[in-house]
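Just so you know, we're using my numbering here: the sequence shown kicks off at 1 and counts up by one. Notes follow once the structure below has been shown.
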Amino acid sequence: MESRSGKSSPEISSMENNTKQPFIIGVAGGSASGKTTVCDIITQQLQGQQIIVLSQESFYHGLSEQKLSRVHQYNFDHPDAFNTEKLLSCLMSLKCGNKASIPNYDFKTHKNVSPERKVSPSDVIILEGILVFHDPRIRELMNVKLFVDTDADVRLAHRIYRDTVEKGRDITTVLEQFSIILQYSKFVKPGYQDFIAPTKKYADIIIPWGRNNQVAIDLIVQHIKTKMGQHDICKFYSNLYVMQSTFQIRGMLTIIRDAYTTKHDFVFYADRLIRLVVENGLGHLPFKEKQVKTPTSAVYIGVEFRRETICGVSVIRSGESMENALRACCKGIKIGKILIHKDAGEGEQLIYQHLPKDIADRHVLLLDPILATGNSAVQAISLLLEKGVPESNIIFLNLISAPQGIDMVCKRYPRIKIVTAEIELGLNENCHVIPGMGDFGDRYFGTY
Ligand SMILES: O=P(O)(O)OC[C@H]1O[C@H](OP(=O)(O)OP(=O)(O)O)[C@H](O)[C@@H]1O
1 MESRSGKSSP
11 EISSMENNTK
21 QPFIIGVAGG
31 SASGKTTVCD
41 IITQQLQGQQ
51 IIVLSQESFY
61 HGLSEQKLSR
71 VHQYNFDHPD
81 AFNTEKLLSC
91 LMSLKCGNKA
101 SIPNYDFKTH
111 KNVSPERKVS
121 PSDVIILEGI
131 LVFHDPRIRE
141 LMNVKLFVDT
151 DADVRLAHRI
161 YRDTVEKGRD
171 ITTVLEQFSI
181 ILQYSKFVKP
191 GYQDFIAPTK
201 KYADIIIPWG
211 RNNQVAIDLI
221 VQHIKTKMGQ
231 HDICKFYSNL
241 YVMQSTFQIR
251 GMLTIIRDAY
261 TTKHDFVFYA
271 DRLIRLVVEN
281 GLGHLPFKEK
291 QVKTPTSAVY
301 IGVEFRRETI
311 CGVSVIRSGE
321 SMENALRACC
331 KGIKIGKILI
341 HKDAGEGEQL
351 IYQHLPKDIA
361 DRHVLLLDPI
371 LATGNSAVQA
381 ISLLLEKGVP
391 ESNIIFLNLI
401 SAPQGIDMVC
411 KRYPRIKIVT
421 AEIELGLNEN
431 CHVIPGMGDF
441 GDRYFGTY
């Protein structure tokens, strides 16, 4: 199945015409778990992207005459049933922007037949199959991993439904197939327990499947779009650093994005996340090697940072929420402040600044939790440059960034670094970040 429609999304139009590395989505799950439905939904929802859907079943090894004569004893649910090397080389080829030749496996004869299917590189590749997470090299190539988790009884019922209602087979034949061949109890069920279920832990999202599971569908699509935005934009800007996502980080973001989170929890989880962003940002400062002697008299070759050569600058008022974390990490650090007034008619205006006198000689950690249009950031950065701070000495730390803001800042100032926890889908008509977390300052300082 291959669907092609239109061009890439308008938000990232400025990133077109660059060497494309496809975004690879893996969809795993037991036989008849609903993987195809998930792939169909993703394909429908990612309009504007070129999408190729590959099935792991295309990569079954063809059977020799000897194996064919005992086909009912052949285990199609075992990792060895697949030509994983061929799958890997096809994916690598597509990932590098080259064409790939996909085998054509005939389920009736259990042979690979000609011609193979030629596929061209695309924006998105969806690879679905029972064991697509089994091989670490294949997993490594995936940008998003989804596991469709469907109860064994439901899968069996779905399989019978699929074979009778959808494929028009006689129910007796289908049931006979199950009982005579014992395929299900001999191979499918143990195959699931031994090989498929253990790969669930690699998934970014586990989908408790049901055809009307709208919440899961929305979650999947939103997660994929977020990841795709990051993938495209990070490919384009080498000075953009998105923190490695973990379930802890996503958990914190989930709480502070939730409109019903109390002020107390908002502050608590925002502070935790800010601390991580600050620590991450500090990791981009220059260091020099330092050797120390440990209590066991061994020598440890480490590094040291020169604290006196850095300072913070917060953009009032939301940026002030990040000052404590910076102070906690760098005792006694100088922190300056900038106040920018937003006016719909006149744009952004700098109305207050208080910066360390020797700021030109320092590395500056610019603090503001939200990067939306990028206008405030551009104002703040241009002031720092006016004060003599070299562009490459500025590290802009924030929690969430809209692609439009990243685009604006990175284009104007290609040598500054941006460190962020997550990249957003975009901006709404009011220039608010989507999905966002509302007015950060109001929620953090309780002024709503
Ligand atoms: O990228 P931009 O479109 O310029 O928007 C980002 C700015 O908006 C937010 O501040 P806000 O105006 O909410 O002020 P506050 O921090 O005082 O709440 C945020 O803290 C940034 O400073």
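For every residue, glycine included, the Cβ atom is placed at its ideal position computed from N, Cα and C.
#### Entry: Collapsed DSSP secondary structure at residue 333 in the structure displayed
coil
### Task
Whole angstroms is fine: what's the gap from residue 244's alpha carbon to residue 348's?
32 Å
### Message
For a minimum of 3 consecutive residues, which ranges assigned as the beta strand (DSSP E) are wholly contained in the segment 301-365?
### Response
310-316, 334-343, 347-354
### Task
Please classify residue 371: does DSSP put it in a helix, a strand, or coil?
strand
### Message
ligand 1 and residue 267: does the residue's C-beta get closer than 8 Å to at least one heavy atom of that ligand?
### Response
no
### Query
When DSSP labels each residue in this structure, what does residue 109 get in the three-state scheme?
coil
### Query
Does the Cβ-Cβ distance between residue 328 and residue 371 come in under 9 Å?
No; because the gap between Cβ atoms is not below 9 Å, this pair is not in contact.
### Message
Between 300, 221, 336, 104, which has its C-alpha nearest residue 46's C-alpha?
### Response
221
### Task
Tell me whether residue 55 sits in a helix, a strand or coil according to DSSP, three-state version.
strand
### Task
For residue 241, write down the residues that DSSP places opposite it in a beta bridge.
419
### Query
Is the beta carbon of residue 348 within less than 8 Å of some heavy atom of ligand 1?
yes
### Query
How would you write the range of the beta strand (DSSP E) that residue 149 sits in, first residue to last?
144-149
#### Entry: Paired residues, beta bridge with residue 60 - DSSP
82
#### Entry: Burial state of residue 443, where buried means 16 or more other Cβ atoms lie within 10 Å
buried
### Task
Less than 8 Å between the CB atoms is what I'm expecting for residue 122 and residue 50, so what's the real figure, rounded?
4 Å
### Query
Since residue 273 contacts residue 399 with CB under 8 Å, what's their CB separation in whole angstroms?
6 Å
### Query
Within 10 angstroms of its Cβ, does residue 382 collect 16 or more other Cβ (buried), or is it exposed?
exposed
### The beta strand (DSSP E) enclosing residue 28, as first and last residue numbers
23-29
### Query
Taking 8 Å as the cut-off, is the CB of residue 317 close to at least one heavy atom of ligand 1?
yes
### Query
What's the gap between the Cα of residue 73 and the Cα of residue 189?
14 Å
### residue 107, buried or exposed, once every other Cβ within 10 Å from all chains shown has been counted against 16
exposed
### Task
Would you kindly work out how many angstroms separate the C-alpha atoms of residue 420 and residue 223, rounded to a whole number?
17 Å
### Query
Closer than 8 Å: is that where the CB of residue 440 sits relative to any heavy atom of ligand 1?
yes
### Query
Taking C-alpha atoms, which residue in 26, 260, 232 lies nearest to residue 148?
26
### Task
Compute the distance between the beta-carbons of residue 240 and residue 249, then report whether it is under 9 Å.
At the C-beta level, residue 240 and residue 249 stay beyond 9 Å of one another.
### Message
Starting from residue 222, trace the alpha helix (DSSP H) in both directions and tell me its first and last residue.
### Response
214-236
### Query
Per DSSP, which one or two residues make a beta bridge with residue 398?
420
### Task
Go to residue 403, then tell me how far its beta strand (DSSP E) extends in each direction, as first and last residue.
Counting along the chain, residue 403 falls outside any beta strand (DSSP E), though it belongs to the alpha helix (DSSP H) covering 403-412.
### Task
Classify residue 290 as helix, strand or coil using the three-state DSSP reduction.
strand
### Query
Between the segment 30-44 and the segment 112-132, are three or more C-beta pairs nearer than 8 Å?
yes
#### Entry: Residue nearest to residue 375 in terms of C-alpha spacing, selected from 340, 292, 312
340
### Task
Pull up the CB-CB distance for residue 261 and residue 423, whole angstroms please, since I reckon it's below 8 Å.
Not really, about 21 Å apart at Cβ, beyond 8 Å.
### Query
Taking Cβ positions, are residue 88 and residue 52 nearer each other than 9 Å?
no
### Query
Among residues of its own chain, excluding the 5 on either side of residue 180, which ones have a beta-carbon nearer than 6 Å to its beta-carbon?
Reliability fails at residue 180, whose pLDDT of 42 lies under 50, so the model's placement of it is uncertain and the value that follows must be treated cautiously. Hits under 6 Å: none found.
### Message
If distances are taken between C-alpha atoms only, which option among 71, 199, 445 comes closest to residue 28?
### Response
Checking every option, the nearest Cα to that of residue 28 belongs to 199.
#### Entry: Cβ shell of residue 197 (< 7 Å), same chain only, five flanking positions each side left out
none
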